[in-house]
Every structure is written in structure tokens, then in C-alpha cells.
RNA sequence: GUGAGUGUAGCUCAAUUUGGUUAGAGCACUGGACUGUGGCUCCAGGGGUUGAGGGUUCAAAUCCCUUCACUCACCCCA
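Numbering (the working numbering), first residue to last: 11 to 439.
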């Protein structure tokens, strides 16, 4: 019986991993410009961390977490992280980062786990790149990370994404809105889909997000959260909008946008693509001013986002791919004596920074050449009995088909001197 | 969790409608033509429990049942 991978988990194979590396590299580049520092946190956390931060009644906590009992005597419950923010905040509090410098600009990248039914752009182990700014409550940071994301998308060559903005208010004003909305919905219960009728009492905001035509119609003239914002929230959001506007960032105001996690407040946003199928959110985030305190830290505002690597690479695949790296040199040998000579030479070349490969088993010259060609090598060094005897190897330029002899005594120097040329040749590909 | 669709060679797919000899093709792979020189061309070769199990039949890739996997959608979300 062949062992296959777990449902919803996937391998990122050579040929596609290059795209991932490209995305990660560009992300680091942007993060550096905005002065963010990387943080690496565990993949496993105590279950409590997530149930407390995401909200007991969210879908993630209720049915999507990979949770199991630890092997200790107490049987503590552990969970594979379903998202990144909770862990970052936990680390911020636990390491008392706020004592040295309360304002922290952090980013992370790595796998997250949710036990959902897999589909396009949705896996059970999926990768996120995320950013969190802790300790700043001003609207300028909100705008700043929106711009950061925009810069990033531009840098990796992704256009045609749509930005949607909303404010969810705060603990002061959201309850008032909730009541207002609920009153409105109760008058129209009959027009809502069964699903929405059920979630109406529990989380009325969700109804606004429903894709059912009937629900959309019924809530067409529902009160807008934006009309219910308290003065502080309104000022905050107005400034975010102004800043975004001033920097020429295009966005769509969407008062119906709801976030899935309980901890969000005030500014929330979502970048979507129309080319991803049903799972069209590429990046999303918002403000979470109460979270640090909820998890036992000092009152500290926070704002951040996460983007989905699979969805990002899905979009980039449609543009172009950049194959695996090409070796600098392929050493072709003929006969055991040449092999014995070649093996340590290849090793020394590698130690000196060259990407080199050679065959181990006896293969015909032809088949070695074929493989060199397939690997996209631009230079091949050929050494057989004749060459050994004369102390001269054959160096062949695979692109120009030119070949000439090089001294085997000085072969390392000869090749290393040529390395920049080899790289240039590679770049042309 | 619910629904639909698809499973044939490493990959992309024929053959399933109407059951009928040894399940084919392209690409890829290996080798040869070119005895120590890649790509192009030509030739040859290897590779299949037709996802798995059961049933119907003289005969099953094809029809029926069960099961598994994958995909897409609902839901939910990055």
C-alpha cells in the first residue's frame, strides 16, 4: 500500500517552490523597507489561546481546529495554529516585549492549519505571511500597512486586486449597531435564508455578508455600521480614508464586510481577486485593539493582516514561472580513472561556490551530454582517458558549441575564472 | 458537515454512448542511427492490478453495488 499525503495537505515540489521563494523574498524586501522584524513562533499552542482570542463561537474554534491531548499527566489540550495573530500577541506578552519598546512592527510566515473541506485556494495546511503592529492605535499605521501591501503586490507584479475597506467600530459603538441591525432584520426574518435566520441572533453582522440573493435584497437598505460609529471611531476611520485617498490608493467602501474573527475592531480590509474562484480573498486584516489586554497583557492597540501564499502563487502561476536554478557546470567523465579524478575536483569546485553536478554510474558520453543539456548547463567539462593522459580536458560551451582544451592541473582556476560568464549565460535563459 | 463531477502509462488524454481478440496515442523516459559530444529528425524498447473490492455475463476499462481518492461548489475564510 502506497502512503499518500494527508487530505488537504500538499507538497510544494521543485519547479513550483521557486515561485514561493520569489514571493517570500519580495515580502522580506518590503518588510525591510517598512522596518518590520521577523518573529518565529511555535506551530503548536495551548488550545485556550485560540479559543480565547478568536472567539468561542467562531467556526474555526468550534469545528476547524486540529486539537489533541498532550501526553502529559494532565492531558493538556494543544492545537495546531489556525492563524498567526494569537501566537504573535502571546509572544509579545510572554516575552514582555512592551517593556523595552512597546511599539513593535513584526512579520511572520509559515503554515497554518484548519480542518476545512479542501477546494481551490483552500487547504488544511496552508501558508500565510502576516504582519502585526503592536502598540500603535493611530490611523496612520492602518494606512501604512495598506500601503505596504499595495507596494508588495506591485513588487511581485500582481495587479487587478480589489481593496475593500470598512470599520467595525469598537466596544462602545458596535453593540448599538448590533441592536439597530437586529431590529431591522427581525422585521424581515421571513425573507432571509434558513441559514441567516439561524445566525441572526447569534451574529447579525454575518447576515450582511450572505451571498444568497434573497438575503442581499432583504438587507439592501439595512442600517450601515458607518452611521453608528462613535465619534472616536469615526474620526479614526475618516483619517484612514483620507490618508489612503491622498496616497492614491484605490479602494471600495464596503460597510457590509464582516471579519471572521471576534477580535477585530475599527478598520478592517480585504484584498480580493476575481480570478481565484470561490476563495477569492488574497489578504485580509484589520485592527484588534482589545486583544493584547484580553490575553493578559497591558492595554495595547494592534493592527495587522495575513495573506494566503497558495492564493498568491495561484495568481502568479498564471503570469509566468521561473524554472529551477541551472548548474554552472556539468562534469562529464568517461572511464573509472576519469571518475576518480573528477569526484574530488567537483567537491573542490563546490566548496569554492560553484553549482556542479556529475554522474556516479558509468553512462555513455551521449547520455551524459543529454542530461547536461536537460539541466540547462551552459558549460560541460569532458574528461576521459585521453584527456587524463595528456593533462588537458575539454571545456564545451553548450550554447555556442565552441570547445577548447583546458589544463587539468589548473582546471579549478580556469573554471572559477569563468564562473561570472557562466552566470551571465544563465541569466539569458 | 452537505452536494456535484472526475478517476485509464510519470504527464495530457483516446477506447465507456452501443460490453467483444493482446487497453492505444502524444509528450516524457531508456537505447540506437551518430562505436568519445546535447538540442532537430527517424527507429526501437521499457512502463498499466483501467483507483480498490464485489456482482452480472461466454466475455467488463465499458453495466450494477460498495468503497477510497481527487476536484469544484455550499459553508467558511488567507
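Idealized CB from N, CA, C, for every residue including glycine.
*asked:* Ignoring anything shorter than 4 residues, give me the alpha helix (DSSP H) runs that lie fully in the stretch 231-298, in order along the chain.
replied: 241-256
Where do the N-terminal and C-terminal ends of the alpha helix (DSSP H) with residue 64 fall, by residue?
-> 57-64
Cβ shell of residue 51 (< 7 Å), same chain only, five flanking positions each side left out
97, 98, 101, 118
**Study point:** Where residue 439 falls: helix, strand or coil (DSSP)
**Key:** Low local confidence applies: a pLDDT of 27 at residue 439 is under 50, so the model's placement there is unreliable, with the coordinate-based value given in what follows. In this structure, residue 439 counts as coil in the three-state DSSP scheme.
Item checked: Beta-ladder partner(s) of residue 343, from DSSP -> 393
Checklist entry - Under the rule that 16 or more other beta-carbon atoms within 10 Å means buried, what is residue 255, buried or exposed? => result exposed
_Stretch pair the stretch 316-328 + the stretch 125-142: three plus CB contacts closer than 8 Å_ = yes
Inset, instruction - With DSSP collapsed to three states, give me the class of residue 213. - result: coil
Three-state class that DSSP yields for residue 97 in the structure shown:
helix
Express the C-alpha separation of residue 111 and residue 383 in angstroms, rounding to a whole number. 55 Å
Using a threshold of 9 Å, state whether the C-beta atoms of residue 346 and residue 372 are closer than that. yes
| said: Along the chain, where does the beta strand (DSSP E) containing residue 406 start, and where does it finish? | reply: 402-407
Checklist entry - Closest by CA to residue 388, which one among 246, 339, 356, 28? => result 339
Original post:
Between residue 199 and the rest of its own chain, which residues show a CB-CB distance below 8 Å, the 5 nearest in sequence each way excluded?
Top reply: 207, 210
Exercise. Are the stretch 277-286 and the stretch 153-172 touching by the rule of at least three beta carbon pairs closer than 8 Å?
Worked result: yes
Report task. Classify residue 160 as helix, strand or coil using the three-state DSSP reduction. Result -> helix
According to the Cβ coordinates, are residue 142 and residue 314 closer than 9 Å?
-> yes
So, at 8 Å on beta carbons, what are the nonlocal neighbours of residue 181 in its own chain, with the 5 sequence-adjacent residues on each side left out?
275, 300
If you draw a straight line from the alpha carbon of residue 307 to that of residue 103, how long is it in whole angstroms?
5 Å
Own chain partners of residue 87 with C-beta closer than 8 Å, once the 5 adjacent residues on each side are dropped:
56, 57, 58, 77, 78, 79, 80
- Message: According to DSSP, is residue 46 part of a helix, a strand, or is it coil?
- Response: coil
Alpha helix (DSSP H) runs wholly inside the stretch 134-198, at least 4 long, in chain order: 149-165, 184-196
> Is the stretch 33-44 close to the stretch 61-76, with three or more CB pairs under 8 Å?
Replying inline: no
> What are the start and end residues of the alpha helix (DSSP H) that includes residue 108?
Replying inline: 107-110
| Of the choices 154, 336, 125, whose alpha-carbon is the least far from that of residue 24? | 336
> In this structure, what does DSSP give as the bridge partners for residue 377?
Replying inline: Answer is none; residue 377 lacks a bridge partner.
Query raised in the report: Starting from residue 228 and walking both ways along the alpha helix (DSSP H), at which residues does that stretch end?
Result: 223-228
- [ ] For residue 327, count neighbouring C-beta atoms within 10 Å of its own C-beta (all shown protein chains included) and say buried if the count is 16 or more, exposed if not.
- [x] exposed
Answer yes or no: do residue 157 and residue 262 have a C-beta to C-beta separation smaller than 9 Å?
-> no
Pull up the distance between the alpha-carbon of residue 154 and that of residue 189, whole angstroms please.
33 Å
Which residues in the same chain have their Cβ closer than 7 Å to the Cβ of residue 405, if we skip the five residues on either side of it in sequence?
-> 389, 391, 413, 414, 416
Which value, in whole angstroms, describes the spacing of the CA atoms of residue 2 and residue 133? Since the first residue of the chain shown is 11 and the last is 439, residue 2 is not available in this structure.
For this session: Within its chain, find whatever has a CB closer than 7 Å to the CB of residue 271; leave out the 5 residues flanking it on each side and keep chain order.
Result: 64, 65, 68
- Message: On the CB-based measure, 16 or more other CB atoms within 10 Å of its CB, does residue 428 come out buried or exposed?
- Response: buried
Open item on the list: I need the DSSP call for residue 26, collapsed to helix, strand or coil.
Closed with: coil
When you compare the CB positions of residue 92 and residue 17, do they come within less than 9 Å of one another, or not? no
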